[in-house]
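Residues 2 to 193 in our numbering are what the sequence shown spells out, letter by letter. Even for Gly, the Cβ is constructed at its ideal location relative to N, Cα and C.
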Amino acid sequence: MLAALLLEDVIRPLLVLHLVLAGALVAATTHHVVWSARYLWGNFGRRRGERTLALVAAVLYVATFALGNLLYPTYKVRVRAEYFDDSVAASADARLRETAEHTRTTIDPPPGEQRIVSLAWLGHLFDVKEHWVALGLPLVLALLWMSRRLDLKENRAAVPIFVGMSALVAALVWAGAIIGIVVTSYRSVGGL
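Take a look at the structure:
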């Protein structure tokens, strides 16, 4: 009972905070790509703003990543194990069949159709997202370092690498946000 109350009182607000931070991170990384892409054409007029966006993106990335890791064990136990894994679907199907036998009703689906749809793919997709996001963490920190230590105006050969890293970080963040929203549309950590 205490654990359920903790889920209600602690996890749900943390999940909302994680969503807000992720939204801000999507915005910051997207803006960083747009601002740094100008470097490809030799336009360094917004260098100071780009450096600020690199800092904001790195701070938001670390905060969102840390909060996501704090929520991950709860997701693994409360959501994935209870709703997305195949064994749970099979167990639920067996319980439904037992209930139907006791009440003398039938729940057999029409021929060729399955009763329980497996959501295991959703759990796997979420795990892939977690790996992608983990790969983005050192990239965003390297991007911050490059924005602070590298004079891109003088070192033009590094500009495509810098812009490419910025685009990759933004793509990873967008993918993580979209997959996170898709997964929570099926079942959230706080959905009791």
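Asked	Found
Along the chain, where does the alpha helix (DSSP H) that runs through W133 open and close?	A121 to R150
T107 by DSSP, collapsed to three states: which one?	Residue placement at T107 is poorly supported in this model, since its pLDDT is 49, which falls under 50; the coordinates still yield a value, given next. Reduced to three states, the DSSP call for T107 is coil.
State the Cα-Cα distance for the pair L193 and P74, rounded to the nearest angstrom.	Note that L193 has pLDDT 49, beneath the 50 cutoff, so the model's placement of it is unreliable and no number is given.
For the putative contact between V141 and V27, defined by C-beta atoms under 8 Å, what is the C-beta separation to the nearest angstrom?	Not a contact, Cβ separation roughly 13 Å.
Please state whether the Cβ-Cβ distance between M147 and F163 is less than 8 Å.	yes
Which stretch, first to last residue, makes up the alpha helix (DSSP H) that contains G69?	R48 to T75
Cutting at 8 Å between CB atoms, please list the residues of its own chain near L138, excluding the five before and the five after it.	Y62, V63 and F66
Label W36 either buried or exposed according to how many other C-beta atoms from any shown protein chain fall within 10 Å of its C-beta, with 16 as the threshold for buried.	buried
Are the CB atoms of H33 and A171 nearer to each other than 8 Å?	yes
Between L123, V183 and G177, which has its C-alpha nearest L22's C-alpha?	G177
CA-CA distance, Y40 and P161?	8 Å
In three-state DSSP terms, what is L193?	Any answer about L193 is weak, because its pLDDT of 49 lies below 50 and its placement is not dependable; what the coordinates show is given next. It is coil, neither helix nor strand.
For F163, report the span of its alpha helix (DSSP H) as first-last.	V160 to Y187
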